[in-house]
Every structure is written in structure tokens, then in C-alpha cells.
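For the sequence shown, this note's numbering assigns the number 332 to the last residue and increments by one with no breaks.
The C-beta atom is built at its ideal place from N, Cα and C for all residues, glycine as well.
The structure appears below as C-alpha cells.
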Amino acid sequence: MKTEKAKERNTEVTKEVKPLGNMKYGAPELVALYQRYAFRGLLIAIVFAFIIIGSVALYSSLHATGNDEKEYNREIVILNYDMPIIPKTEEITAPVDVPKAEQTVKLKDLAALIPQPVAKQESEIMTTKTVEALDKVNNIPVGKDGTENPNEVTANMNDKTNDKIAENIIKEEPVKIKDDKPFQSFEVEKSPVAVNLSSVKSSMRYPEIAKQVGTEGTCVAKILVGSSGEIIKIASISGPEVFRSEIEDKIMNLQFTPAIKGGEAVKCYVNVPFKFTLGTQKKSIDE
46 MKTEKAKERN
56 TEVTKEVKPL
66 GNMKYGAPEL
76 VALYQRYAFR
86 GLLIAIVFAF
96 IIIGSVALYS
106 SLHATGNDEK
116 EYNREIVILN
126 YDMPIIPKTE
136 EITAPVDVPK
146 AEQTVKLKDL
156 AALIPQPVAK
166 QESEIMTTKT
176 VEALDKVNNI
186 PVGKDGTENP
196 NEVTANMNDK
206 TNDKIAENII
216 KEEPVKIKDD
226 KPFQSFEVEK
236 SPVAVNLSSV
246 KSSMRYPEIA
256 KQVGTEGTCV
266 AKILVGSSGE
276 IIKIASISGP
286 EVFRSEIEDK
296 IMNLQFTPAI
306 KGGEAVKCYV
316 NVPFKFTLGT
326 QKKSIDE
């Protein structure tokens, strides 16, 4: 039986397989089987791929429609809770108590009133101001409208004192700042004056070299005098060189009165001349 079935299969295979030339050793049967099963496998693979793609597409579409239905079928549930109502708080500002100005009561000036005719009996009762009453009300403000009792006067006397203090503060002159800048002799009201110039000149000696040569001349020393009359420095000495050493030795012995500007003593430059002349028998230093 088995052999017969095998023969039938072989005959079927040989019928389906076409001769492929001069092939031997069963090659035509193998090629025919390969072609048949390869074609069937390809068809199965294509069908399986379509099935997978279709199932994925179907699943995604169903899932999308399910999500849409969920979104459309949402239920909004509003829960009504009894929440306590918070009352609005309003800030209430208390009115600021503005201090009321104390109403001053002035003393009634009887003399300022317009005289009116009165009966004789009433005129005898009325009293006039005495010197003592005037002394009492001398520092009390009086007016046409007021009280006749000095004890009831409530005038604020601090206003006058405050006004006087303010006036004194305004009238105070600003403090003058002293300027240490030295001035020239023409810029001040009173220039410095050497009080012992003659004694200093008499103490000077005529240089021997100048005697031998017969040199005469005048030297001018520019001196800076301080606010106390002291010599601060010797700015310059002009004139013949032969006389300068003698002047430098004795000039520091000079004493000056300070310069005055604006009623105050200030620093100032002053020029002091020294004239050297030769006499017939002796030298002389004149002003």
C-alpha cells in the first residue's frame, strides 16, 4: 500500500514539474517543490502582514473612539458645600482729634470804648483806671471786645516771646571766616609800618668792598608781615648784590604794626627801602 501511494505522489510531482533540460539525480522534483512551497509561504506571509496591520489599525481606531466617547460622556458633578460666608472687613479710621485753638480772652479796654452819655447816678458808680490798674494790665493784651476782669484773661504770651526769639536768630550776623590769603599794601586800609626801622638801619654796617669801590645804591626788601606784626618771610630783595648780605642779617629785627582790612588784622606784603650812601668821612644809611 505504501509503495503504491509513494508511486502516485511521484507521478503527481512528475506531472506538475516540467522538464528543465537535461537534469539528473532528481533535481526537477526539488525545484518544483521549492517553487510551490515558496509561493505558498509568500502568500501566507502577505496575508499575515495584512492581518497584523489591519488588527493594529482596528485597535487604534477602537481605542480612539473609546477615548472620544469618554471625553464626550464626562459628567460634571457640582457638590454644594455649605461654605461659611466671610463678612467683609472694613477699616474704620477713627477721626483724629484736632486740638482746638484756645480762644484767647482779652481785657476789655474801657478807654477805647466810644463814650456814651450816662445818667449822673450811673457815672458816680463807674470807676476810672488808676495807675496801679494800668501797671497790672501793662503786659496784658487789651481790646475793644473782652472782659473787664484781668484774672479771666487767657492770652498766649508765648507767641510774643517766640517772635522775639525768631527775630534775634534772623538778626544774628553770619560768622566771618578769616581768610589767610596775604594782601598787597594797596589792597588794605592801613599798611604795616616798621616801628623800629631807624634803629635797625643804624645798626647796619657799610660793606668794606662797597667802601673801597665807592658803590652806593638803594635796596628794596619785600616782606610778608603777619596779622600780629611778625615777619613771616622775606619775599625778595632787589638792588646791588653787595648790600644784600647786610640787609639779610639785620632785617629780621624789624617790628611792624599789622595791616588792617575791614576792621581786622590781616597778612600783607610791604616794601622797605634801604639807601646806602658814602659821606666824606663815614658811611651813612638813609631812609
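Judged by DSSP secondary structure, Ser243 falls within the alpha helix (DSSP H) whose first and last residues are 242-248. In the DSSP assignment, Lys320 falls outside any alpha helix (DSSP H) and within the unbroken beta strand (DSSP E) covering 313-323. Glu309 carries a strand assignment under DSSP once its states are collapsed to helix, strand and coil. Taking 8 angstroms as the upper bound for CB-CB distance, Phe228 and Lys312 are in contact here, some 7 angstroms apart. When secondary structure is reduced to three states using DSSP, Val233 falls in the coil class, being assigned neither helix nor strand.
Of the candidates Ala239, His108, Ala266, Val315, the residue whose Cα lies closest to the Cα of Pro285 is Ala266. Lys320 is not a Cβ neighbour of Thr260, given a cutoff of 8 angstroms. In the three-state reduction of the DSSP assignment, Leu299 falls in the coil class, being assigned neither a helical nor a strand state.
Boundaries of the alpha helix (DSSP H) around Val258: 253-258.
Ile276 is bridged by DSSP to Val270. Of the candidates Ser290, Ser105, Ala310, Ser290 places its Cα closest to the Cα of Pro252. With distances taken between CA atoms, Ile279 lies nearest to Val315 out of Ile254, Val315, Glu309, Ala109. For the 8 angstroms CB-CB criterion, Gln300 and Ala255 do not form a contact.
Nearest C-alpha to Glu293 among Leu78, Thr322, Arg81, Lys246: Lys246. According to the DSSP secondary-structure assignment, Phe228 is paired through a beta bridge with Cys313.
Listed in chain order, the non-local C-beta contacts of Ile305 below 6 angstroms within the same chain comprise Glu234, Lys235, local neighbours out to five positions each way being set aside. Here Ile282 is buried: its Cβ has 16 or more other Cβ atoms, across all protein chains shown, within 10 Å. The residue from Ser244, Lys295, Thr302 with its alpha-carbon nearest to that of Val270 is Thr302.
Excluding five sequence positions before and after Ala310, the CB atoms of its chain that fall closer than 6 angstroms to its own CB belong to Ser272, Pro303, given in chain order.
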